[in-house]
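Take a look at the structure below.
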Amino acid sequence: MLVFYRRGCSVGTRKHGRKRLEIPGGNHAGFGCYGKQSGDGESDITAGEQWDITEKAIREFVDSLSL
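Going by our numbering, the first residue of the sequence shown is number 29, and it counts up by one from there.
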């Protein structure tokens, strides 16, 4: 899961300015590329697919900011 926070959100109000992303079929090892983790389970998608989904989500979040 990734959680992005909008700039200017205080700790108490961050839940209102965040975007949460769960990657179906992914796992921690594929996201971080640091090898199999205890209790992680098997991934149904490749690490590359996880990275592509993550990159798209980050780009969409950044594009949504008023910079």
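Each residue gets a CB set at the ideal place from its N, CA and C atoms; glycine is no exception.
Note that the coordinates shown come from a computational prediction; the quantities given were computed from them, not determined experimentally.
Span separating the alpha-carbon of residue i from that of residue j
| i | j | result |
| --- | --- | --- |
| Thr74 | Asp80 | 10 Å |
| Ile51 | Ser92 | 20 Å |
| Glu83 | Gly54 | 14 Å |
| Arg12 | Lys47 | Absent from the model: residue 12. The displayed extent of the chain is 29 to 95, so no value can be given. |
| Asp68 | Cys61 | 13 Å |
| Leu90 | Asp72 | The residue asked about is misnamed: residue 90 is Val in this sequence, not Leu. Spanning the two alpha carbons is a distance of roughly 28 Å. |
Chain-order list of residues whose beta-carbon lies under 6 Å from that of residue i (same chain, five-residue window excluded)
| i | result |
| --- | --- |
| Ala85 | Leu49 |
| Gln65 | His56 and Ala57 |
| Phe59 | Gln78 |
As assigned by DSSP and simplified to three states, the class of residue i
| i | result |
| --- | --- |
| Lys17 | No answer is possible for residue 17: the residues shown for the chain start at 29 and end at 95. |
Where are the alpha helix (DSSP H) runs, 4 residues long or more, that stay fully inside the stretch 51-84, in chain order? 56-60
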